[in-house]
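**Q** Using our numbering, you'd call the opening residue of the sequence shown number 295 and step up by one each time. Ideal Cβ positions, reconstructed from N, Cα and C, are used throughout, including at glycine.
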Amino acid sequence: MRSGRHGAARPPVGVLIQQDRVDFALFALIFVVALVSMVFTGPGSVVFWLAFLPMIATGVLAFRRIESLSRQELRDSEFL
Numbered sequence: 295m296r297s298g299r300h301g302a303a304r305p306p307v308g309v310l311i312q313q314d315r316v317d318f319a320l321f322a323l324i325f326v327v328a329l330v331s332m333v334f335t336g337p338g339s340v341v342f343w344l345a346f347l348p349m350i351a352t353g354v355l356a357f358r359r360i361e362s363l364s365r366q367e368l369r370d371s372e373f374l
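(1) Considering Cα atoms alone, identify which of Ser331, Val341, Leu310 is closest to Ala259.
(2) Less than 7 Å between the beta carbons of Met349 and Ala328, yes or no?
(3) Give the straight-line distance between the Cα atoms of Pro305 and Glu361, rounded to the nearest whole angstrom.
(4) Which one of Arg365, Phe325, Phe342, Asp314 has the shortest CA to CA distance from Gly353?
(5) I need the straight-line Cα distance from Phe334 to Leu368, nearest angstrom please.
(6) Please identify the residue among Ser364, Ser371, Asp370 whose C-alpha is closest to the C-alpha of Gly308.
(7) Please classify Arg296 as buried or exposed, where buried requires at least 16 neighbouring CB atoms within 10 angstroms.
(8) Shortest alpha-carbon distance to Ser331 belongs to which of Trp343, Phe321, Ala322?
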């Protein structure tokens, strides 16, 4: 068998979120505000449809932040 790492094990998502709680709390707040505005305005309003933009952006930003934290964690573990 070959020696070396074939794929690094990534840390659990919960651990990554705990490392940067403020960012993920802000992401959750943005998502909830957009969701509440959608619930109170209804599908006939422009606000309802515009609320999809921050919801999608929040999802993308959270995913990218998790990936960034994961890469950083892997990079830090290689130095040990």
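**A** On the basis of the data shown:
(1) The structure shown does not extend to residue 259, since the chain is modelled only from 295 to 374, so the question has no answer here.
(2) Contact: yes.
(3) Going from the Cα of Pro305 to the Cα of Glu361 covers about 11 Å.
(4) If we check each option's Cα against that of Gly353, Phe325 comes out closest.
(5) Near 43 Å, if we compare the C-alpha coordinates of Leu368 and Phe334.
(6) Of the residues Ser364, Ser371, Asp370, the one whose Cα lies closest to the Cα of Gly308 is Ser364.
(7) Residue placement at Arg296 cannot be trusted, given a pLDDT of 47 that sits under 50; the coordinates are not used to answer.
(8) In terms of Cα proximity to Ser331, the closest of Trp343, Phe321, Ala322 is Trp343.
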